[in-house]
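Notes to accompany the following structure.
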Amino acid sequence: MIDSVSDELRAKVLVDALPYIQNYTNKVIVIKYGGSAMGDDSVKVDVMRDVVLLSLIGIKVVLVHGGGPEINDMLKKVGIQSKFINGLRYTDEPTMEVVQMVLAGKVNKDLVSLLGQCNGKAIGLCGVDGMMIKAEKLQSEQDLGLVGEITSINTEPILDALNNGYIPVIATIGVSEDATMYNINADTAAAKIAAALGAENLILLTDTRGLLRDKDDEETLIPVVNVSEVPKLVKEGIVSGGMIPKVECCVEAVRRGVKRSFIIDGRINHSILIEMLSHEGIGTMFL
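Reading the sequence shown from the start, the letters are residues 359 to 645 in the numbering used here.
Written out as structure tokens, the structure is:
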């Protein structure tokens with residue numbers, strides 16, 4: 359027997375999503391996926407299904423990924439101790455070899471394979487391909503080794519993939535003019551790529567609901583933030599700790615032409631669809 363209530367509900371969900379689908383058709387969105395948001399395999403499958411669904415309804419999705427936990431695991435296996443300075447990984451040459459192997463190899467290809475299992479058409483890239491992410495050594499108060507700062511983005515390999523119907527899956531390794539490879543922060547790379555592409559949206563999938571007025575109370579979620587309000591929120595301590603660089607990436611993307619950027623909880627099933635294709639949303643939107 360057909361469950362008419364469920365059928366009606368499904369139909370209503372589709373009808374309600376229609377204006378959002380129409381708004382995003384043929385637009386580029388950049389999704390950053392990484393860190394602890396990648397830890398749950400069942401949620402990871404849902405994220406990939408969301409990406410495939412968006413692609414199938416005519417949205418040009420670019421998936422940028424990190425892979426910190428996987429890098430840590432591999433470094434431990436090969437006997438290299440992870441070292442962090444102010445939250446950033448110190449990257450010497452042996453560590454960089456592992457970063458390249460894990461990010462451009464295992465993590466990248468695992469995501470491409472998973473998208474394929476979800477009937478998506480994906481292609482794996484890293485910043486070295488076509489000199490996509492040009493970088494130089496990050497200048498900071500403390501030497502971080504082979505940690506890079508992006509100098510430019512070559513969008514041609516990304517656009518070639520999108521125009522041929524592929525979902526580009528990008529590992530964030532940068533390369534300099536002298537062919538030195540650099541470890542690049544994935545949030546920063548996603549923001550730079552979104553700006554270079556003139557993307558409609560940048561979405562950072564994290565392990566928190568979004569920007570919270572009280573970091574210990576998810577009910578204090580701030581759903582919308584104008585980028586002009588961010589300095590005040592930093593001063594008040596609402597934007598603090600590890601949230602500072604993520605918010606800075608969202609602000610930079612908007613100031614460089616991305617219409618909206620979002621911080622959402624990647625551990626929630628179908629959080630991307632809820633944020634993009636519904637009125638309520640689920641995280642924090644910056645505009």
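Every residue gets a Cβ at the ideal spot worked out from N, C-alpha and C, and that includes glycine.
Just so we're clear, the structure is a prediction, and the values are computed from it rather than from any experiment.
Identify the continuous alpha helix (DSSP H) that holds Val585 and give its terminal residues.
-> Counting from one through the sequence shown, the residue named residue 585 turns up at place 227. Boundaries for Val585: no alpha helix (DSSP H) harbours it, and the DSSP string shows neither H nor E there.
Any idea what DSSP makes of Ser629, helix, strand or coil?
-> In the sequence shown, residue 629 corresponds to position 271, counting from 1. Under the three-state reduction of DSSP output, Ser629 falls in the helix class.
Selection from Asn444, Glu535 and Lys479 that minimises the alpha carbon distance to Gly485 | Translated into the one-based positions of the sequence shown, residue 485 becomes position 127. Minimum Cα distance to Gly485 is reached at Glu535.
Could you check if His423 is buried or exposed, using at least 16 other CB atoms within 10 Å of its CB as the buried criterion?
-> One-based indexing of the sequence shown puts residue 423 at position 65. Per the 10 Å Cβ criterion, buried.
Touching or not, the region 525-532 and the region 448-467, by the rule of three or more beta carbon pairs under 8 angstroms?
-> When C-beta atoms of the region 525-532 are compared with those of the region 448-467, three or more pairs fall below 8 angstroms, so the two segments count as touching.
Whole-Å CB distance - Ile640 paired with Ile626, under 8 angstroms assumed | Here the question's residue 640 lines up with position 282 in the sequence shown. Here the question's residue 626 lines up with position 268 in the sequence shown. Indeed, because the Cβ distance is near 7 angstroms, the residues count as touching under 8 angstroms.
Can you tell me where the alpha helix (DSSP H) with Asn477 in it begins and where it stops?
-> The residue labelled residue 477 in the question sits at position 119 within the sequence shown. Neither: Asn477 is in no alpha helix (DSSP H) and is coded neither H nor E.
Rounded distance between the beta-carbons of Val588 and Val616, thought under 8 angstroms | Position 258 of the sequence shown, counted from the start, is the residue given in the question as residue 616. Position 230 of the sequence shown, counted from the start, is the residue given in the question as residue 588. About 15 angstroms separates the two Cβ atoms, so there is no contact after all.
Who are the near neighbours of Val363 in its chain, counting only those whose CB is closer than 6 angstroms to its CB and skipping five residues on each side?
-> As a first step, residue 363 must be located in the sequence shown, where it is residue number 5. Residue placement at Val363 is flagged as unreliable, the pLDDT there being 48, under the threshold of 50; the coordinate-derived value follows with that caveat. Closer than 6 angstroms at the Cβ level, and outside the excluded window around Val363, lies no residue.
Which runs of the beta strand (DSSP E), 3 residues or longer, sit entirely within the region 531-613?
-> DSSP runs (the beta strand (DSSP E)) wholly in the region 531-613: 531-533, 539-541 and 559-564.
Give me whichever residues DSSP pairs with Ser619 in a beta bridge.
-> As a first step, residue 619 is located in the sequence shown; it is residue number 261 there, counting from the start. For Ser619, the beta-bridge partners assigned by DSSP are Leu560 and Phe644.
Do the CB positions of Ala547 and Ile491 come within less than 9 angstroms of each other?
-> As a first step, residue 547 is located in the sequence shown; it is residue number 189 there, counting from the start. As a first step, residue 491 is located in the sequence shown; it is residue number 133 there, counting from the start. Contact: yes.
When burial is assigned at 16 or more other CB atoms within 10 Å of the CB, is Pro377 buried or exposed?
-> Within the sequence shown, numbered from 1, the residue matching residue 377 stands at position 19. Pro377 comes out exposed.
Closer than 9 angstroms, CB to CB, is Lys593 near chain B or not?
-> No chain B is present in this structure, which holds just one protein chain.
Which residues bound the alpha helix (DSSP H) around Leu414?
-> Start at 1 with the first residue of the sequence shown, and residue 414 comes out as number 56. For Leu414, the enclosing alpha helix (DSSP H) starts and ends at Asp399 to Leu414.
Under the three-state reduction of DSSP, which class applies to Val486: helix, strand or coil?
-> Taking the first residue of the sequence shown as position 1, residue 486 is located at position 128. Val486: coil per DSSP, three-state reduction.
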